[in-house]
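Asks:
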Amino acid sequence: DEGNVVHDEL
Amino acid sequence: MNVFRLLGDLAHLASIFILVHKMHITRSCRGISFKTQALYVLVFLTRYLDLFWAWISWYNFLMKIFFISSSCYILYLVHYRFRPTYDPSLDTFKVEYLVGPCFVLALIFNYHFDFSEILWTFSIYLEAVAIFPQLFMMQRTGEAETITTHYLAALGVYRALYIPNWIYRYYTEGTVDPIAIVAGIVQTGLYLDFFYVYVTKVLQGQKFELPA
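Those protein sequences? They're chains X and S, same order as listed.
Residue 20 is where the first sequence starts when you use my numbering, and the numbers rise one by one after that.
Residue 139 is where the second sequence starts when you use my numbering, and the numbers rise one by one after that.
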């Protein structure tokens with residue numbers, strides 16, 4: 020489960 | 139951050155400056171698809187909503203603010219300031235064919251089924267195809283002003299540079315973002331025809347004209 024996805028790209 | 143992503147982001151910034159510059163020097167938005175620009179506003183608003191709860195870096199924060207505000211400003215230029223120069227009869231691509239399927243795809247293929255993730259995924263899919271109304275418009279007119287082609291080239295280079303960035307990140311960090319990668323490859327692929335004409339004509343000093 021990837022409940023905490025961080026999107027660090029623009 | 140790596141050099142590919144940085145150059146990609148700079149190309150993205152450059153594309154926006156070129157577009158705004160084009161409208162100011164020609165005092166017109168001729169050849170620019172309002173629909174594509176409106177889709178970019180939607181892309182940035184849905185993707186960068188995390189401004190309010192996720193902190194990445196000052197770079198990330200300031201770029202997000204810039205992309206949201208500049209896309210709104212461009213929409214203002216096209217829709218109000220230079221409206222008399224906009225020809226809606228050339229900008230006829232049906233955006234609902236893009237927005238609807240992207241939303242459905244985002245509901246199906248996402249990393250996590252929650253509000254912010256679905257909006258992020260939607261924005262990634264929508265960005266991949268947001269250029270369609272613009273390309274469709276050029277297809278209809280069969281030509282484009284040189285400065286408009288520079289804008290599109292910078293925009294295409296931006297997403298193309300993200301591809302080596304993902305390869306680099308895979309080898310150095312082990313990170314893989316399949317949604318961004320697949321959508322990014324599709325997005326870059328849409329520019330291939332354009333790039334061919336850009337390189338073989340515009341960069342040789344000729345006008346951008348499509349074969350009849």
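Heads up, the beta-carbon is just placed ideally off N, CA and C, and yes, glycines get one too.
Identify, in the order they occur along the chain, each residue of the same chain with its Cβ nearer than 6 Å to the Cβ of S:Met276, setting aside the five sequence neighbours on each side.
Replies: Counting from 1 along the second sequence, the entry for residue 276 of chain S is found at position 138. Within the same chain, S:Met276 has close Cβ partners Ala282.
Asks: Measure from the alpha carbon of S:Val267 to the alpha carbon of each residue in S:Leu341, S:Leu145 and S:Val181, then state which is nearest.
Replies: The residue given as residue 267 of chain S occupies position 129 in the second sequence. Minimum Cα distance to S:Val267 is reached at S:Val181.
Asks: Run down chain X in chain order and give the residues with a C-beta less than 7 Å from the C-beta of S:Glu255.
Replies: Stepping through the second sequence from its first residue, residue 255 of chain S is reached at position 117. Here the neighbours are Val24.
Asks: Can you list the alpha helix (DSSP H) stretches of 4 or more residues lying completely in the segment 248-308 of chain S, in chain order?
Replies: 253-267 and 270-279
Asks: Residues of chain A with CB closer than 7 Å to the CB of S:Ile194, please, in chain order.
Replies: The structure shown contains no chain A; its protein chains are X and S.
Asks: Taking the CB atoms as reference points, tell me whether S:Gln175 and S:Leu200 lie closer together than 7 Å.
Replies: Counting from one through the second sequence, the residue named residue 175 of chain S turns up at place 37. Counting from one through the second sequence, the residue named residue 200 of chain S turns up at place 62. No, Cβ-Cβ distance for S:Gln175 and S:Leu200 is not below 7 Å.
Asks: Please state if the CB of S:Leu348 and the CB of S:Gly280 are separated by a distance shorter than 7 Å.
Replies: For this step, residue 280 of chain S is matched to residue 142 along the second sequence. For this step, residue 348 of chain S is matched to residue 210 along the second sequence. Taking 7 Å as the Cβ cut-off, S:Gly280 and S:Leu348 qualify as a contacting pair.
Asks: Using a 10 Å radius around the Cβ and a threshold of 16 neighbouring Cβ atoms, would you call S:Val295 buried or exposed?
Replies: Position 157 of the second sequence, counting from 1, holds the residue named residue 295 of chain S. Buried is the call here.
Asks: Between the beta-carbon of S:Asn198 and the beta-carbon of S:Asn303, is there less than 7 Å?
Replies: Start at 1 with the first residue of the second sequence, and residue 198 of chain S comes out as number 60. Start at 1 with the first residue of the second sequence, and residue 303 of chain S comes out as number 165. Not a contact, by the Cβ cut-off of 7 Å.
Asks: Out of S:Thr286, S:Ile256 and S:Arg168, point me to the one whose CA is closest to S:Arg219's CA.
Replies: Position 81 of the second sequence, counted from the start, is the residue given in the question as residue 219 of chain S. Looking at the Cα atoms, S:Arg168 is the closest of the given residues.
Asks: Can you list, in chain order, the residues of its chain whose CB lies under 7 Å from that of S:Ser254, leaving out five sequence neighbours each side?
Replies: As a first step, residue 254 of chain S is located in the second sequence; it is residue number 116 there, counting from the start. Hits under 7 Å: Leu187 and Asp188.
Asks: Hey, how far is the Cα of S:Gly343 from the Cα of S:Ser195?
Replies: In the second sequence, counting from the first residue as 1, residue 343 of chain S sits at position 205. In the second sequence, counting from the first residue as 1, residue 195 of chain S sits at position 57. Whole-angstrom Cα-Cα distance: 41 Å.
Asks: Measuring straight from C-alpha to C-alpha, what distance separates S:Leu328 and S:Trp193?
Replies: Taking the first residue of the second sequence as position 1, residue 328 of chain S is located at position 190. Taking the first residue of the second sequence as position 1, residue 193 of chain S is located at position 55. So the two alpha carbons sit approximately 32 Å from each other.
Asks: Does S:Tyr178 have its Cβ less than 7 Å from a Cβ in chain X?
Replies: One-based indexing of the second sequence puts residue 178 of chain S at position 40. No, S:Tyr178 does not count as interfacial toward chain X.
Asks: From which residue to which residue does the alpha helix (DSSP H) around S:Thr164 run?
Replies: Locating residue 164 of chain S in the second sequence gives position 26, counting from the first residue. Val141 to Thr164 is the span of the alpha helix (DSSP H), which, as asked, contains S:Thr164.
Asks: Spell out the partners DSSP gives S:Glu347 in its beta bridges.
Replies: Within the second sequence, numbered from 1, the residue matching residue 347 of chain S stands at position 209. Paired residues: S:Glu281.
Asks: Please look up how many angstroms separate the CB atoms of S:Tyr224 and S:Val233, rounded, as I've assumed it's under 8 Å.
Replies: Walking along the second sequence from the start, residue 224 of chain S turns up at place 86. Walking along the second sequence from the start, residue 233 of chain S turns up at place 95. Wrong, their Cβ atoms sit about 16 Å apart, outside the cutoff.
Asks: Find out if the Cβ-Cβ distance for the pair S:Cys240, S:Tyr263 is shorter than 7 Å.
Replies: Within the second sequence, residue 240 of chain S is the residue found at index 102, counting from 1. Within the second sequence, residue 263 of chain S is the residue found at index 125, counting from 1. Yes, they are a contact pair.
Asks: Can S:Pro271 and S:Ser171 be called in contact, C-beta distance under 7 Å?
Replies: Your numbering for residue 271 of chain S matches position 133 in the second sequence. Your numbering for residue 171 of chain S matches position 33 in the second sequence. In contact: S:Pro271 and S:Ser171 (Cβ atoms closer than 7 Å).
Asks: Judging by CA-CA distance, which residue of S:Tyr235, S:Thr184, S:Phe333 and S:Asn248 is the nearest neighbour of S:Asp315?
Replies: Taking the first residue of the second sequence as position 1, residue 315 of chain S is located at position 177. For the residues S:Tyr235, S:Thr184, S:Phe333 and S:Asn248, the minimum Cα distance to S:Asp315 belongs to S:Asn248.
Asks: Along the alpha helix (DSSP H) that carries S:Lys202, what are the first and last residues, could you check?
Replies: Here residue 202 of chain S refers to the residue found at position 64 of the second sequence. Note, S:Lys202: alpha helix (DSSP H), Trp196 to Tyr214.
Asks: Residues in the segment 258-272 of chain S with C-beta within 8 Å of chain X's C-beta atoms, listed in sequence order?
Replies: Trp258
Asks: Find the nearest neighbour of S:Ile285 within the set S:Ile301, S:Leu145, S:Phe231 and S:Ala152, judged by alpha-carbon distance.
Replies: As a working mapping, residue 285 of chain S is identified with position 147 in the second sequence. Of the listed residues, the one whose Cα sits closest to S:Ile285 is S:Ala152.
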